[in-house]
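Here's the structure we're looking at; comments come further down.
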Amino acid sequence: MNNQPGSERNLKYIMNRLFSLGLKREEVPAGSPGSFQHEAWIRKILKEKATKRADLKTRLEDILFIILDTETTGFRPEHGDQIFSIAAAKIKNFKVVDQFSQLINPCVKIPEEISILTGIFEEDVKNAPTLDEKSEAFLRFLSGGMIIGYHISHDLAFINHFLWKRYRSSLKQPALELALITERLVGSETFETLDSAASYFNIECRNRHNAEGDVLIMAELWRSLLRLCNEKGIETLEDLYVTMK
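Encoded structure:
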């Protein structure tokens, strides 16, 4: 039985949501935890963090895009499949400005065929931190930008499944699908895989099916797509959304 007072449980829930949205512990003001003023401040920051969006008129080169990729033990997080590698890169105005990469102990067996595909084996992750232990670091990295990735719904499904179980929350920022953007901008082909998109733009695929390697490939792809946007007069986020319809 949970003997915590209701206000304390509520505050703990709110604080967990705050950290899941990228707030640093040192940003939380000193004061009396549980007080009306303290909780009101927390709710205000939660709302600001959750509703922050890039304006549709923002030029693409002024937006911080966060390229995301994960490696997972399967395809069904609701059936117990887990993340065992996560990587991301921040890119703004054609430049990668920061990177994140972390092996994760999934606490479940990595199927042999997936280890062969990714080059990551159980001995590589047995001493790695769990996703729960690294959640604050990667959530802070993912905050404040627009997420993009190839078949990004897969990665978001796993991260949001974890966030819901752990924090009863989810990633709040919008996400863009690189496969769809590539197909809309090129206009004459379908690109079912990252390999096919990379091949079209003559991008070398190194460390394929490894989260860190795939993020770097996607960064090159995104730079190619941004150049294509410039050629087609697609200047703002709104222009890009219209192209994707």
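The end of the sequence shown is residue 321 by our numbering, with every number in the run present.
Just so you know, even glycine gets a beta-carbon here, dropped at the ideal spot from N, CA and C.
Remember, it's a predicted structure, so these values are computed and weren't measured experimentally.
Query                                                                                                     : Result
For Asn181 and Pro153, believed in contact at Cβ under 8 angstroms, the rounded distance                  : No, Pro153 and Asn181 are not in contact; Cβ-Cβ is about 16 angstroms, not under 8 angstroms.
Opposing strand residues paired with Ser161 [DSSP bridges]                                                : Glu147 and Leu179
Gly309, enclosing alpha helix (DSSP H) - first and last residue                                           : That residue, Gly309, is in no alpha helix (DSSP H); it is neither H nor E in DSSP.
Contact the stretch 186–195 vs the stretch 136–145: 3+ CB pairs below 8 angstroms                         : no
Whether Ala274 touches Ser161 by CB criterion (7 angstroms)                                               : no
DSSP beta-bridge partners of Ile223                                                                       : Ile142 and Ala251
Proximity of Ala295 and Ala165 at Cβ, strictly below 7 angstroms                                          : yes
Contact set for Glu314: own chain, Cβ-Cβ below 7 angstroms, skip 5 residues either direction              : Leu132 and Lys133
For Arg135, three-class secondary structure by DSSP                                                       : strand
The alpha helix (DSSP H) enclosing Ala204, as first and last residue numbers                              : First-last for Ala204: undefined, no H or E at that position.
Cβ-Cβ distance between Ala213 and Val291 below 7 angstroms                                                : no
Buried versus exposed call for Tyr317 [16 or more other C-beta atoms within 10 Å across all chains shown] : exposed
Euclidean distance between Cα positions of Leu144 and Ser219                                              : 12 angstroms
Alpha-carbon to alpha-carbon, Asn306 and Glu147                                                           : 32 angstroms
Buried versus exposed call for Asp174 [16 or more other C-beta atoms within 10 Å across all chains shown] : exposed
Reduced DSSP secondary structure (H/G/I, E/B, other) of Val173                                            : strand
CA-to-CA distance, Arg244 to Asn278, given in whole angstroms                                             : 42 angstroms
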